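In the numbering used here, the protein residues as written are 96 to 395.
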């Protein structure tokens with residue numbers, strides 16, 4: 096069979112036009128979501144010191160997120176226009192509302208905490224933000240997977256777990272670094288569990304994609320960021336487990352885990368761009384799926 100290619104070797108699908116603000120947005124949004132859920136869990140457990148530090152991490156990250164998105168869009172009106180409708184079948188529409196609702200709730204909660212006023216409003220706001228946290232951490236995975244970009248669409252089942260683990264590792268690491276070790280146990284455990292999930296789901300993703308489509312995770316900019324993400328995440332998790340109860344160890348481990356979380360988002364971003372530029376990454380998997388469908392139809 097003749098190898099399926101494109102006309103003159105040109106890309107079959109358009110390369111994503113997103114700028115670096117978007118993978119940074121993926122990181123800050125994921126961190127905010129995981130930190131918001133940690134805030135709620137710590138508050139319910141009566142660990143107010145941990146809840147306060149997690150709340151501040153959440154508020155800082157969710158404040159930056161829409162600014163990054165608006166910068167990529169070019170004008171604030173474009174972000175506001177996305178709030179005119181709510182379309183449940185559109186990850187972009189759902190995600191815009193999640194970011195807006197979570198941002199408002201986190202802002203109210205942080206303001207009440209800083210001012211020491213309206214405790215009931217603070218609890219309500221933290222509850223809303225905490226419940227939205229898992230969705231905020233993972234909706235961007237659904238957003239990129241809902242595309243024709245080979246490295247993203249082919250990993251549609253694994254990407255939410257990659258982003259969830261990365262978000263927990265980054266948020267847990269940052270909160271641990273900012274919290275007295277005597278009360279930071281839940282954040283340490285979240286960071287280590289998130290790192291394990293990130294590393295395992297990343298391996299599963301690359302195995303599922305196959306050698307051709309997963310090539311951007313091993314070569315070029317995508318490969319560079321992917322290797323850095325794995326190294327920083329693994330080192331951070333080990334250091335957190337061994338020395339996370341000490342101040343210096345917590346700061347170093349938290350910094351490594353946060354860096355690994357950011358690197359992972361940039362790895363996914365660049366892998367998508369590289370796979371879109373490779374016509375074989377689109378055409379050959381399509382041909383393989385067509386051949387399998389034809390074989391199944393023949394055997395019936």
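Note that beta-carbon positions come from the ideal geometry of N, C-alpha and C, so glycine has one too. Computed from a predicted structure; not experimentally measured.
Which residues in the same chain as residue 267 place their Cβ atom closer than 6 Å to its Cβ, once the five residues preceding and following it in sequence are excluded? On the chain shown, residue 267 is found 172 positions in, with the first residue counted as 1. So the qualifying residues of the chain are 282, 285, 286 and 289.
Checking 8 Å against the spacing of the C-beta atoms, do residue 150 and residue 206 come in under that value? Numbered from 1 along the chain shown, position 55 holds the residue referred to as residue 150. Numbered from 1 along the chain shown, position 111 holds the residue referred to as residue 206. In this structure, residue 206 does not lie closer than 8 Å to residue 150 by Cβ.
Roughly how many whole angstroms lie between the Cα atoms of residue 189 and residue 196? For the purposes of this step, residue 189 is taken as residue 94 along the chain shown, with counting starting at 1. For the purposes of this step, residue 196 is taken as residue 101 along the chain shown, with counting starting at 1. Roughly 11 Å between the two C-alpha positions.
Could you give the C-beta distance for residue 163 and residue 191, rounded to a whole number, given that I count them as a contact under 8 Å? Stepping through the chain shown from its first residue, residue 163 is reached at position 68. Stepping through the chain shown from its first residue, residue 191 is reached at position 96. Rounded, the Cβ-Cβ distance is 13 Å, inconsistent with contact.
Cβ of residue 237 within 8 Å of Cβ of residue 171? Position 142 of the chain shown, counting from 1, holds the residue named residue 237. Position 76 of the chain shown, counting from 1, holds the residue named residue 171. By the CB criterion at 8 Å, residue 237 and residue 171 fall outside the cutoff.
According to DSSP, is residue 169 part of a helix, a strand, or is it coil? Within the chain shown, numbered from 1, the residue matching residue 169 stands at position 74. Coil, per DSSP.
Which word fits residue 255, buried or exposed, when buried means at least 16 other C-beta atoms lie within 10 angstroms of its C-beta? To locate residue 255, count along the chain shown from 1; it is residue 160. The residue in question, residue 255, is buried, as its Cβ has 16 or more Cβ neighbours within 10 Å.
Is residue 274 helix, strand or coil by DSSP? Taking the first residue of the chain shown as position 1, residue 274 is located at position 179. Residue 274: coil per DSSP, three-state reduction.
Apart from the five residues just before and just after residue 234, which ones in its own chain have a Cβ nearer than 7 Å to its Cβ? The residue you call residue 234 lines up with position 139 of the chain shown. Taken in chain order, the residues that qualify are 186, 189, 190 and 193.
State the Cα-Cα distance for the pair residue 312 and residue 375, rounded to the nearest angstrom. Residue mapping note: residue 312 aligns to position 217 of the chain shown, counting from 1. Residue mapping note: residue 375 aligns to position 280 of the chain shown, counting from 1. Whole-angstrom Cα-Cα distance: 16 Å.
Measure the alpha-carbon distance for residue 169 versus residue 159 and round it to whole angstroms. The count along the chain shown starts at 1 and reaches residue 169 at position 74. The count along the chain shown starts at 1 and reaches residue 159 at position 64. Distance between the alpha carbons of residue 169 and residue 159 is about 15 Å.
Just the C-alpha distance for residue 108 and residue 246, rounded to the nearest angstrom, thanks. Your numbering for residue 108 matches position 13 in the chain shown. Your numbering for residue 246 matches position 151 in the chain shown. Here the C-alpha atom of residue 108 lies approximately 12 Å from the C-alpha atom of residue 246.
Once DSSP output is grouped into helix, strand and coil, what is the label at residue 99? For this step, residue 99 is matched to residue 4 along the chain shown. Unreliable positioning characterises residue 99 in this predicted model, as indicated by a pLDDT of 49, which lies under 50. The coordinate reading is nonetheless provided below. DSSP places residue 99 outside both helix and strand once states are collapsed to three, so it counts as coil.
Hey, is the stretch 342 to 349 in contact with the stretch 290 to 300, meaning 3+ C-beta pairs nearer than 8 Å? no
What separation, rounded to the nearest whole angstrom, lies between the Cα atoms of residue 351 and residue 265? The residue labelled residue 351 in the question sits at position 256 within the chain shown. The residue labelled residue 265 in the question sits at position 170 within the chain shown. Each residue's alpha carbon lies about 9 Å from the other.
Could you have a look at residue 109 and say whether DSSP puts it in helix, strand or coil? The residue labelled residue 109 in the question sits at position 14 within the chain shown. The answer is coil: DSSP assigns residue 109 none of H, G, I, E or B.
Count the other C-beta atoms from every protein chain shown that fall within 10 angstroms of the C-beta of residue 239, then say buried if there are 16 or more, exposed otherwise. Translated into positions along the chain shown, residue 239 becomes position 144. It is buried - the Cβ of residue 239 has at least 16 other Cβ atoms within 10 Å.
How many angstroms separate the CA atom of residue 308 from the CA atom of residue 294? Numbered from its first residue, the chain shown carries residue 308 at position 213. Numbered from its first residue, the chain shown carries residue 294 at position 199. C-alpha separation (whole angstroms): 19 Å.
Whole-Å CB distance - residue 138 paired with residue 146, under 8 Å assumed: The residue given as residue 138 occupies position 43 in the chain shown. The residue given as residue 146 occupies position 51 in the chain shown. With a Cβ gap of about 4 Å, residue 138 and residue 146 count as contacting.
Considering only residues of the same chain and omitting the five flanking positions on each side of residue 349, which have a CB-CB separation below 6 Å? Locating residue 349 in the chain shown gives position 254, counting from the first residue. Only 268, 269, 271 and 272 meet the Cβ criterion.
With a 10 Å radius around its C-beta and 16 neighbouring C-beta atoms as the bar for buried, classify residue 231 as buried or exposed. Residue mapping note: residue 231 aligns to position 136 of the chain shown, counting from 1. With a threshold of 16 other beta carbon atoms within 10 Å, residue 231 meets it and is buried.
Distance check for residue 276 and residue 339, CA to CA, integer angstroms please. On the chain shown, position 244 is the one that residue 339 refers to. On the chain shown, position 181 is the one that residue 276 refers to. Using only the alpha carbons, I get a separation of about 8 Å.
Find out if the Cβ-Cβ distance for the pair residue 365, residue 320 is shorter than 8 Å. On the chain shown, position 270 is the one that residue 365 refers to. On the chain shown, position 225 is the one that residue 320 refers to. Using a Cβ distance threshold of 8 Å, residue 365 and residue 320 count as a contacting pair.
Sequence-distant residues of its chain with Cβ nearer than 7 Å to residue 228 (five each side left out): In the chain shown, residue 228 corresponds to position 133, counting from 1. Spatial neighbours of residue 228 in its own chain (CB-CB distance under 7 Å, excluding positions within 5 residues in sequence) are listed in chain order as 128, 129, 131 and 132.
Between which two residues does the alpha helix (DSSP H) containing residue 302 stretch? In the chain shown, residue 302 corresponds to position 207, counting from 1. Residue 302 -> alpha helix (DSSP H) spans 280 to 308.
Check the C-beta distance from residue 116 over to residue 257 and give it rounded, since I have them as a contact under 8 Å. Position 21 of the chain shown, counted from the first residue, corresponds to residue 116. Position 162 of the chain shown, counted from the first residue, corresponds to residue 257. Residue 116 to residue 257, Cβ: 20 Å. No contact.
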